[in-house]
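As structure tokens, the structure follows; a few thoughts come after it.
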Amino acid sequence: MALPVYKTDVIDKVFFLRWDAPPTPEEIQQVFQKMQNAYQQHQQQPLVLVTIAGAKSAVPNSEQRRHLSNMLSDARALFSEIHVIIEGNELQHNLQRVIVSGMLIVTRTYDDQFIRVHKNADGAAGFIARRLGVDGTQVVNEARSRGVVM
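Under numbering that gives the first Met the number 0, think of the first position of the sequence shown as 0, with each following residue one higher.
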């Protein structure tokens, strides 16, 4: 059995999800179950989602993107904010950030109060701080120490 291509962790009501490769439908379902469990453990209080695509992760194919989009739609009620991090400094990473932002607008899922796209997790720290009243930088640094954020 292959190792999962994802890693999750919850720190101060922030659900971190790192993808190091495009997921299978089964892995997407496993992650969604973890999201639901975290939501239940926090007395059904919405969490903040920080989902990270590693710099070396391949771009998901159309079927994988469809499954990921469906998961995001299903999980929307579990989160007060979603931060999409596409790591990397290469042109392809910049293009991916632009494409994801554009897709959110075109599909009408864009809401700058709910979902944002960042280059790195530090870009989400201020939003985490404002939403949860915690030290967002400290939360991101803790996630870094646990290997969920690079």
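Ideal placement from N, C-alpha and C gives every residue a C-beta, glycine not left out.
For this session: Could you spell out where the beta strand (DSSP E) holding Ala52 opens and where it closes?
Result: To locate residue 52, count along the sequence shown from 1; it is residue 53. If you look at Ala52, you'll find it in the beta strand (DSSP E) that goes Leu46 to Ala52.
Problem set entry | C-alpha gap between Gln152 and Ala123, whole angstroms | In this structure the chain extends from 0 to 149, so residue 152 is not present and cannot be described.
Exercise. Using CA coordinates, which residue listed in Ala76, Ser79, Pro24 and Val133 is at the minimum distance from Arg65?
Worked result: Start at 1 with the first residue of the sequence shown, and residue 65 comes out as number 66. Closest by alpha carbon: Pro24.
For this session: Along the beta strand (DSSP E) that carries Glu80, what are the first and last residues, could you check?
Result: Start at 1 with the first residue of the sequence shown, and residue 80 comes out as number 81. Phe78 to Ile85 is the extent of the beta strand (DSSP E) around Glu80.
Exercise. Among Val47, Asn60 and Lys55, which residue has its Cα nearest to the Cα of His82?
Worked result: Position 83 of the sequence shown holds residue 82. Ranking Val47, Asn60 and Lys55 by Cα distance to His82 puts Val47 first.
Exercise. Can you tell me whether DSSP reads Arg143 as helix, strand or coil?
Worked result: In the sequence shown, the residue the question calls residue 143 occupies position 144. Of the three classes helix, strand and coil, the one that applies to Arg143 here is helix, per DSSP.
For this session: Starting from His117, follow the beta strand (DSSP E) in both directions and report where the run begins and ends.
Result: The residue given as residue 117 occupies position 118 in the sequence shown. First-last of the beta strand (DSSP E) with His117: Ile114 to His117.
For this session: Quick one: using the 10 Å Cβ neighbour count with 16 as the cut-off for buried, is Gly87 buried or exposed?
Result: On the sequence shown, position 88 is the one that residue 87 refers to. Looking at its Cβ environment, which holds 16 or more other Cβ atoms inside 10 Å, Gly87 is buried.
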